[in-house]
Amino acid sequence: MDLLKYGTGLHIFKGTYTMQETRDRLYALVHKLKDYCLLLDGPTEDWIRMHDLVREVAISIASRDRHVFMLRNDIQIEWPVADMLKNCPTIFLHDCKHWEVPEGLEYPQLEFFCMSPRDHSIKIPNHVFAGMSNLRGLALSNMQFLSLPSLFHLPLNLQTLCLDRCALGDIAIIGNLKKLEILSLVDSNIEQLPEEMAQLTQLRLFDLSGCSKLKVIPPNLLSGLSRLEDLYMGNTSVKWEFEGLNVGRSNASLQELKLLSHLTTLEIQICDAMILPKGLFSKKLERYKIFIGDEWDWSGNYKNKRVLKLKLYTSNVDEVIMQLKGIEELYLDEVPGIKNVLYDLDIEGFLQLKHLHVQNNPFILFIVDSMAWVRYNAFLLLESLVLHNLIHLEKICLGQLRAESFYKLKIIKVRNCDKLKNIFSFSFVRGLPQLQTLNVINCKNMKEIFTVGRENDVDCHEVDKIEFSQLHSLTLKFLPQLTSFYSQVKTSAASQTRLKELSTHTLPREVILEDECDTLMPFFNEKVVFPNLETLELCAISTEKIWCNQLAAVYSQNLTRLIVHGCEKLKYLFPSSMIRNFVQLEHLEICYCSSLESIVGKESGEEATTTFVFPKVTFLKLWNLSELKTFYPGTHTSKWPMLKKLEVYGCDKVKIFTSRFLRFQEINEGQFDIPTQQALFLVEKVTSKLEELKLSGKDIAMICQSQFPKHIFRNLKNLEVVNDESENFRIGFLERFHNLEKLELRWSSYKEIFSNEEIVEHAEMLTQVKSLKLWELSDLMYIWKQDSKLDSITENLESLEVWWCENLINLVPSSASFKNLTTLELWYCQRLMNLVTSSTAKSLVCLTKLRIDGCRMLTEIISKEEDVAEDEIVFSKLKWVSLERLENLTSFCSGNYTLKFPSLEDLFVIECPKMKIFSHRVLSTPRLREVRQNWGLYKGCWEGDLNTTIQQLQKNEV
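Taking UniProt numbering, the leading residue of the sequence shown gets 1, the next gets one more, and so forth.
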């Protein structure tokens, strides 16, 4: 979008007469540069990227003959001499912060000036543009203008003006720029447009996107912009009036848009659907992004140029759709009177639609119902289909469509459609060769994902194989009736002798091959092939077995992520014969499967000793497998040569680790008679590259009692301990981890973390810990007590986070020093009354981020010390501070200290009702220019200094 605005201001697109022609020319140039690899794709159609090297070469070429002068990131900190820029036509100043534009500049050849400072307090002199008589385009962003006096001296033939992300006051003077064609106020804080803007009769593009505070547009202002071609009003809060063009209105009416005969691009959000006039939109619109109703969030990644989102309480949905040309993305929410999306909304079949999203509709029975018609084409270009909360949806497709229908479908997502029993039939699945993602979640009566054939279809033959060659991701969650991926509704008579039927009180009617699977019905078998499947996620699926024993490698050879949660009937995950097929598997999670007894199931006729190798698995998670007894019910070895992260929790019936030495000893002593007593892992086979480990307190105790080799965990950097019932953490346990950097303790019974005796004994080992995180330790009162010798721990600590430790009385002793701490976060520590003493605060010379949230009893951040001189405290590197939901906080510091924050740029003070002042003495915050009261505000409050701003915030609350 900036290229379009700036390019118009720079007269790059000569010979174009409309914005659409200009845009087409721009896109053609961009595509040509992409073909030469000089530009790269961005996240959306309107964004592009450029390689750093290409950018530097382009800047060098443009600057060589003084066509462009550009400054970025303070590479140059002084304004260049006048002669250097006297004949320069273009100046770009990006992300500069240490200097300001001088007065009296004489640049008679300058045509375009762009400035985007890092520090929005930078000022521009009132007369700076007086010597730029040839200026055609001006772009200033991230700046503050309480008024625009400098615009008095702008050339009246200015054609492009961009004041994006600016704090704007009175901008009525813009109305004098009668030749203006491009006006952009993106993400500004403007609340009302001035009446003088009605004089901008030459305006062709008007961008108000993201002006979330904009509520008032004077009546007839928009309709007076008779040459307007592009209007962008997404994420604004305009209170549109309903009275049409009646006299006496105080705000704009949507009827005014009907008078803009040249309008071809429109982005608008209309929250009140009841004021929508008939015939508002036109087939002249080539590009649009129209959101109607109070449901829709404007943010999102939209790759298409025609997007419509509707939430209407009336039955005129089809009227809105018929007004618009070639909808590419359509979102429908709570639209009444629709039972069949295709027939009721577009009898032609939505031939240009690429994305369809339908949600929250109790009336829709079918997306397509073609039973009564001759077969026809529908959804020829559809790439994604999303269906949410359609509680009476019976079928997605009822009846026959031509083979081309749904042919380009890549994504299917279905959630909370309780009457839906399957997604498509297999005779139709043959038409889904491009399907890449399939998600089906929380559909109570889903019995199979796909069905073979249709009932009473005499031409239906048994399907030999269905291949989803492009399917990369498959997610099936909370489908209590689902027991197979597909079922055969009807088979030919010739095939009946080869099939047998399996029925139980929990399984729907299913058909399987008699000779190739055992008596347990597998969820997947050889009839459905996913040769490129990379991610498989199964959650709360009622199946006892996932794979058929003899599946070929093509079924799993590309799988990299496998996640299985809450499959309570599952006895084991892999058939032993399939393990060798998972050569690409990198991520494996098995959680909350209450009947799982082993990871790998044993098959008849296997060798006495078996070796399983997972050559690429880097992450393994085993959580809450209450019946897990072994990895494999037989003598075996499992190898994990690339494993980097291991999480084991709630597997109480199995021993996690053993070693070669211990295993040999157990066998000799007769303790290893039963194969199922074998531990999950031979420690030597899983720890060679292990960097992160998560274990329960029970497993920690086991490791403490075991005689493992001293350096077996030599590469471990992160350790998380959960559910430890000990009163004190076993510091001595850490001696096994020679390179430990991060320690996390969670859901345990500790009353104190570090006792003084153990700190002294293990001081050397503790110096390596750089990050400490404590999470939900409800009994914890002290991390360290007052007399603890802390230097070995605190001086090297870089990050300290404490979450939901409700009984914590004291964070650190008054003598603690944190000279390397960069991050300090406390969440919901209800008994804590202050954070640190002044002595400790002085040591926080490296602190960059401070966040305190939900600590109900906290009254101040820095507490006063009786015997310490009240001098200055400097937080030299602190850039970001958030104080949130602190109902008793009165100030940051009540003592008589001088507080200095030379680097502070972001400060959030949210729901701190008793905070009247930040500090009681001298306070220095040279870079701070606002205080924000919530996370959504782009611009906060600023009254010249921090204390005055806090006081003003309190007044505003009252």
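Ideal placement from N, C-alpha and C gives every residue a C-beta, glycine not left out. Treat the numbers as computed from the prediction; the structure is a model and nothing was measured.
Beta-carbon separation (whole angstroms), S778 vs F818, contact threshold 8 Å = Walking along the sequence shown from the start, residue 778 turns up at place 778. Walking along the sequence shown from the start, residue 818 turns up at place 818. That pair is no contact at about 25 Å.
Per DSSP, what kind of secondary structure is K325 in: helix, strand or coil?
-> Looking up residue 325 in the sequence shown gives position 325. Coil at K325, not helix or strand.
Would you report the Cα separation of L71 and Q144, rounded to the nearest angstrom?
-> Position 71 of the sequence shown holds residue 71. Position 144 of the sequence shown holds residue 144. So the alpha carbons of these two residues sit roughly 21 Å apart.
Exposed or buried, which one is Q269 when buried takes at least 16 other CB atoms within 10 Å?
-> On the sequence shown, residue 269 is found 269 positions in, with the first residue counted as 1. So Q269 counts as buried.
Cβ-Cβ distance between T264 and L225 below 8 Å = The residue labelled residue 264 in the question sits at position 264 within the sequence shown. The residue labelled residue 225 in the question sits at position 225 within the sequence shown. It is not a contact, given that the beta carbons lie outside the stated cut-off.
If you scan the stretch 663-748 from start to end, which runs of the beta strand (DSSP E) of 3 or more residues do you find wholly inside it?
-> 692-696, 718-722 and 742-746
Is V830 helix, strand or coil by DSSP?
-> Residue mapping note: residue 830 aligns to position 830 of the sequence shown, counting from 1. Checking the displayed sequence, the identity of residue 830 turns out to be Gln instead of Val. DSSP places Q830 in coil when its eight states are reduced to three.
Q400, DSSP secondary structure in three states = By one-based count along the sequence shown, residue 400 stands at place 400. If DSSP states are grouped into helix, strand and coil, Q400 belongs with coil.
Contact under 8 Å by Cβ, P80 with V101 = As a working mapping, residue 80 is identified with position 80 in the sequence shown. As a working mapping, residue 101 is identified with position 101 in the sequence shown. Their beta carbons are not under 8 Å apart, which means P80 does not touch V101 by this criterion.
E860 lies in the beta strand (DSSP E); which residues open and close that run?
-> Counted from its first residue, the sequence shown places residue 860 at position 860. Its beta strand (DSSP E) spans residues E860 to S863.
Alpha carbon to alpha carbon, how far is K694 from Q557? Give it in angstroms, no decimals.
-> By 1-based counting over the sequence shown, the position of residue 557 is 557. By 1-based counting over the sequence shown, the position of residue 694 is 694. Taking the straight line from one Cα to the other gives about 29 Å.
By how many angstroms is the C-alpha of I411 removed from the C-alpha of V420?
-> Numbered from 1 along the sequence shown, position 420 holds the residue referred to as residue 420. Numbered from 1 along the sequence shown, position 411 holds the residue referred to as residue 411. It should be noted that the sequence gives Leu, not Val, for residue 420. L420 and I411: Cα-Cα distance of roughly 18 Å.
Can you give the Cα-Cα distance for L398 and N389, rounded to whole angstroms?
-> As a first step, residue 398 must be located in the sequence shown, where it is residue number 398. As a first step, residue 389 must be located in the sequence shown, where it is residue number 389. Straight-line Cα distance between these residues: approximately 19 Å.
Taking the C-alpha atoms as reference points, what is the distance between L850 and K213?
-> Residue mapping note: residue 850 aligns to position 850 of the sequence shown, counting from 1. Residue mapping note: residue 213 aligns to position 213 of the sequence shown, counting from 1. When rounded, the distance between both Cα atoms is 30 Å.
What first and last residue would you give for the beta strand (DSSP E) that runs through A167?
-> In the sequence shown, residue 167 corresponds to position 167, counting from 1. Note, A167: beta strand (DSSP E), A167 to D170.
DSSP puts S425 in a beta bridge; with which residues?
-> If you number the sequence shown from 1, residue 425 lands on position 425. Note: S425 sits in a beta bridge opposite T451.
Does the Cβ-Cβ distance between V769 and R746 come in under 8 Å?
-> Here residue 769 refers to the residue found at position 769 of the sequence shown. Here residue 746 refers to the residue found at position 746 of the sequence shown. Contact: no.
Report the rounded CA-to-CA distance for F754 versus N728, giving the unit in angstroms.
-> Taking the sequence shown and counting its residues from 1, the one referred to as residue 754 is at position 754. Taking the sequence shown and counting its residues from 1, the one referred to as residue 728 is at position 728. Computed Cα separation, rounded: 7 Å.
Go ahead and pull the three-state DSSP assignment for K751.
-> Within the sequence shown, the letter at position 751 stands for residue 751. Of the three classes helix, strand and coil, the one that applies to K751 here is coil, per DSSP.
Can you name the residues that DSSP bridges to M233?
-> Taking the first residue of the sequence shown as position 1, residue 233 is located at position 233. Answer by DSSP bridge pairing, in chain order: I268.
Just the Cα atoms here: how many angstroms apart are L928 and L907?
-> One-based indexing of the sequence shown puts residue 928 at position 928. One-based indexing of the sequence shown puts residue 907 at position 907. The straight-line gap from Cα to Cα measures roughly 8 Å.
Candidates E884, R23 and E905: closest to residue 983 by CA position = Here the chain covers residues 1 to 958 and nothing more, so residue 983 does not appear.
Just grab the DSSP bridge partners of D333 for me.
-> Numbered from 1 along the sequence shown, position 333 holds the residue referred to as residue 333. Partner(s): Q359.
Note down the Cα distance separating S749 from S595, rounded to an integer number of angstroms.
-> The count along the sequence shown starts at 1 and reaches residue 749 at position 749. The count along the sequence shown starts at 1 and reaches residue 595 at position 595. So the alpha carbons of these two residues sit roughly 29 Å apart.
Quick one: using the 10 Å Cβ neighbour count with 16 as the cut-off for buried, is Q255 buried or exposed?
-> Position 255 of the sequence shown holds residue 255. The residue is buried, with at least 16 neighbouring Cβ atoms inside 10 Å.
Proximity to H153 [Cα-Cα], best of I173, S863 and R249 | Within the sequence shown, the letter at position 153 stands for residue 153. Closest by alpha carbon: I173.
Once you ignore the five residues that flank L312 on each side, which residues in its own chain have a CB closer than 6 Å to its CB?
-> The sequence position of residue 312 within the sequence shown is 312, counting from 1. For L312, where only same-chain residues beyond five positions count, the Cβ hits under 6 Å are A273 and V335.
Distance between V216 and E930 (C-alpha atoms, nearest Å) = As a position in the sequence shown, residue 930 is number 930, starting the count at 1. As a position in the sequence shown, residue 216 is number 216, starting the count at 1. About 25 Å.
Take the Cβ of M833 as the centre, count every other Cβ of all protein chains shown within 10 Å, and call the residue buried at 16 or more, exposed below.
-> The residue given as residue 833 occupies position 833 in the sequence shown. Under this definition M833 is an exposed residue.
To the nearest angstrom, report how far apart M115 and F69 are at their CA atoms.
-> In the sequence shown, residue 115 corresponds to position 115, counting from 1. In the sequence shown, residue 69 corresponds to position 69, counting from 1. C-alpha separation (whole angstroms): 12 Å.
Would you report the Cα separation of I12 and F112, rounded to the nearest angstrom?
-> The count along the sequence shown starts at 1 and reaches residue 12 at position 12. The count along the sequence shown starts at 1 and reaches residue 112 at position 112. Straight through space, the alpha carbons of F112 and I12 are spaced by roughly 12 Å.
Exposed or buried, what is N581 when buried is set at 16 or more other beta-carbons lying within 10 Å of its beta-carbon?
-> In the sequence shown, residue 581 corresponds to position 581, counting from 1. Buried is the call here.
Among L345, P433, R55 and E448, the one whose alpha carbon lies nearest that of K395 = Counting from 1 along the sequence shown, the entry for residue 395 is found at position 395. Minimum Cα distance to K395 is reached at E448.
Which word fits K123, buried or exposed, when buried means at least 16 other C-beta atoms lie within 10 angstroms of its C-beta?
-> What you label residue 123 is simply residue 123 of the sequence shown in a count that begins at 1. Answer is exposed; the Cβ neighbour count stays below 16.
Distance between S688 and I441 (C-alpha atoms, nearest Å) = Counted from its first residue, the sequence shown places residue 441 at position 441. Counted from its first residue, the sequence shown places residue 688 at position 688. Computed Cα separation, rounded: 38 Å.
Using beta-carbon positions only, say whether Q359 and I327 come within less than 8 Å of one another.
-> Position 359 of the sequence shown, counted from the first residue, corresponds to residue 359. Position 327 of the sequence shown, counted from the first residue, corresponds to residue 327. Going by C-beta atoms, Q359 is not nearer than 8 Å to I327.
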